[in-house]
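Every letter in the sequence shown is one number past the one before it in the UniProt record's numbering, and letter 621, counting from 1, is 621. See below for the structure under consideration.
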Amino acid sequence: MKKQILCSKYLLYGGFTCLKILHSCIRQISESTCFSFGTFATPEAIFKDCDISEFEEWDASGFNDSFQVDRSRYNDLLKRCTQMGKLREGRIVHALLLNSQFRDDLVIQNTLLNMYAKCGSIVDARKVFDKMPLKDMVTWTALITGYSQNYRAQEALDLFPPMLQHGLKPNQFTLSSLLKASGDGLASEKQGRQLHAYCVKCGCDSNVYVGSSLLDMYTRFGLMVEAQSIFEGLVSKNEVSWNALIAAYSRKGDGEHAIKLFREMQRDSFKPTHFTYSSLFTVCASTGSLEQGKWVHAQVIKSGGRLVAFVGNTLVDMYAKSGSIEDAKKVFDRLIKRDVVSWNSMLTGYAQHGLGKETLQQFEEMLRIGIQPNDVTFLCVLTACSHAGLLDEGQHYFELMKKYRVEPDVSHYVTMVDLLGRAGLFDRAERFIREMPIQPTAAVWGALLGACRMHKNMELGAYAGEHIFELDPHDSGPHILLYNMYASAGRWNDAAKVRKVMKENGVKKEPACSWVEIENAVHVFIANDDAHPQREEIGKMWEQMSVKIKEIGYVPDTSHVLLFVDQQEREAKLQYHSEKLALAFALLNTPPGSTIRIKKNIRVCGDCHSAIKYVSKVVGREIIVRDTNRFHHFRNGSCSCGDYW
């Protein structure tokens, strides 16, 4: 009767809702009779609603020899720990296993090794591996996969030669993990090709899993021709192989190929996954292709997809980076679950659009509901303060990082230097740099140089430039910035010296270009562009706009023409900057009243900024320009940046 009561208690507490009571019951049962743990418990019941803190107090030594767990039960428990990611519970099962007759069982040891690897404890996985008296192909594959998935690529690759020396033949899973490690790690292209040759030798190269890993590896090396060839040679394809190639084109910023592959994927009746959509949204964000991004969003809705996890986050990012912060906010508000990445995506969007107050309001709301900020969060907030000139707020949030135990990295220091420099507080900016706990990088001095350009502080700018040239002599940006400062001030000898340094170091200026997307076609312009089919109409349109904006107050700022030529020629040169040509083209080819979106690969020119403000007033349209630093929203003769950029 007593045994029946105890067994009933065991069943009652078998869900581990109270491990102390369960432990007590099992101990009493084991003292009364030889009791089989496997008779009653299932893996699901064992971990249902368990309190992890109680596991830490559970002492496996409390079980005597009469308490036996059968072989299959150990395997089930370890697999359940793996599925649920419960490392501490897995260690308890391991402790029980060490005192059992199955401690050296190969199948259970493989399951144990896999549990540690999948739960992120690769060190424990290696200890299990090293102590195993017998190893088979599953053992080696589990450890190789563990290293590969835990971003320890070289250790995964180092296991391959000894595995072969033991006379074991790798399977498709082994090779897939090795290829992943080769693409992720420090392996050379030569090593990758050697692995490819081995796959061919084994006849596995056309296997869909190995083939997908092969094409992903080649894309990581930047070898898109080889990747495309492998993809086309696959006997059968699955979502993984399609996603691998789409993601590769996304990483390269090749939206045209990514969208083309997506259409082919749909035609071949493969269902896109969250990874597919995430890659497409990412590439649309990088190129600012709003119309294509909207089309992909429509495909998500059409397929019945939900805005969950990273898909929703990348969609927020896409709308923000494509110039539609309003749509980004709508998507953010509809996310099923918002994590710190979701909030960071929204904060980044607000910061890039120069909406400083909105960024801070969103950040305070994030703190209010209990979302823990990370380093990216604070970088977004500090960037917003810098762009909006919120000096006191920026200093407050920089100090707030200590409260949340976020250690500032170089990006945070760069933003603080930018904030102080933009405010014209050069003494404080210099002192801040001197007192930094890390060595100032070229980016830190670059922020100071940018502020010097803004305030025309030649001497300090030259000092910052010297540090940059020493730390990063091959970056063209600072060289051009310092050259422009000297040229705009008429200091042509100093400008010539900068040019000489550039020539000696082989530094070349990146050509400025602007582009505009109309009806899913991207039109790119460079300064003095005469290659576009509508070049004559574009020229006439800008001439008309130039006359109209001069009538309401526009005066060409010839200081932005950095050539030693007369005033008339300087003014003529200004009229053919790439952003003005892109704007003229958009005015010709878009409906009246619609928003115009222009992208530029470098910072927008000061004269173009002034001209576009006047154009927005003349045509009564919103014009959004995205450059390397931020978005400018031009409406009714003013810009969202408040001319503070």
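Yeah, the Cβ is synthetic: ideal placement off N, Cα and C, and Gly gets one too.
Nearest-angstrom Cα separation, counted from residue j out to residue i
i	j	result
R635	E326	16 Å
G394	C380	11 Å
A429	L261	49 Å
A584	H609	14 Å
residue 692	G465	With the chain covering 1 to 645 only, the question about residue 692 has no answer from this structure.
Y486	M454	13 Å
K613	E543	16 Å
residue 648	L420	Not covered by the structure: residue 648. The range shown for the chain is 1 to 645.
V615	M545	7 Å
Q575	A328	34 Å
V340	L280	22 Å
N207	P170	13 Å
K321	V93	49 Å
V107	S250	41 Å
G192	N313	33 Å
N99	N150	30 Å
S514	A582	6 Å
S176	K271	23 Å
L179	M163	15 Å
S630	A142	First, the amino acid is wrong: residue 630 is Arg here, not Ser. The straight-line gap from Cα to Cα measures roughly 46 Å.
G461	W445	9 Å
C25	F231	Residue confidence is low: C25 scores 43 on pLDDT, short of 50, so the model does not pin down where it sits. Its coordinate-derived value is still stated next. Cα to Cα, the separation comes out at about 59 Å.
M137	L168	6 Å
C452	R431	15 Å
D472	H412	19 Å
I229	D205	It should be noted that the sequence gives Ser, not Ile, for residue 229. If I take the Cα positions, the gap works out to 12 Å.
L481	G370	43 Å
Q439	I433	9 Å
The alpha helix (DSSP H) enclosing residue i, as first and last residue numbers
i	result
S241	E239 to R251
H387	D375 to A388
residue 693	The requested residue 693 is not part of the displayed model; the chain covers only 1 to 645.
V604	From DSSP, V604 is part of no alpha helix (DSSP H); its letter is neither H nor E.
H353	Counting along the chain, H353 falls outside any alpha helix (DSSP H), and DSSP gives it neither H nor E.
S212	V208 to R220
W645	First-last for W645: undefined, no H or E at that position.
R152	Per DSSP, R152 belongs to no alpha helix (DSSP H) and is neither H nor E.
Limits of the beta strand (DSSP E) - the one that residue i falls within
i	result
A521	A521 to I526
K580	It is not in any beta strand (DSSP E) - K580 instead sits in the alpha helix (DSSP H) that spans S578 to N589.
H532	H532 -> no beta strand (DSSP E), and no H or E assigned at all.
K271	It is not in any beta strand (DSSP E) - K271 carries neither H nor E in the DSSP assignment.
I623	I623 to R626
K600	I596 to K600
H633	F631 to R635
Reduced DSSP category for residue i - H, G, I as helix; E, B as strand; rest coil
i	result
F398	helix
E510	coil
F432	helix
E407	coil
D51	Residue placement at D51 is poorly supported in this model, since its pLDDT is 40, which falls under 50; the coordinates are not used for a value here.
I612	helix
H166	coil
S546	helix
I552	coil
K135	coil
V501	helix
W140	helix
W515	strand
S324	coil
C639	strand
A489	coil
Q83	helix
Residue environment, residue i, which counts as buried when at least 16 other CB atoms sit within 10 Å
i	result
H474	exposed
R88	exposed
H577	buried
R422	buried
V283	buried
Q292	buried
G354	buried
S188	exposed
L587	buried
T359	buried
A125	buried
On the three-pair Cβ rule with 8 Å, is the region 524-535 touching the region 485-503? no
Determine, using beta-carbon pairs with one atom in the region 615-634 and one in the region 399-406, whether at least three such pairs fall under 8 Å. no
Given 8 Å as the limit, is there contact between the region 600-615 and the region 350-369, that is, 3 or more CB pairs closer than that? no
Is the region 153-161 close to the region 110-121, with three or more CB pairs under 8 Å? no
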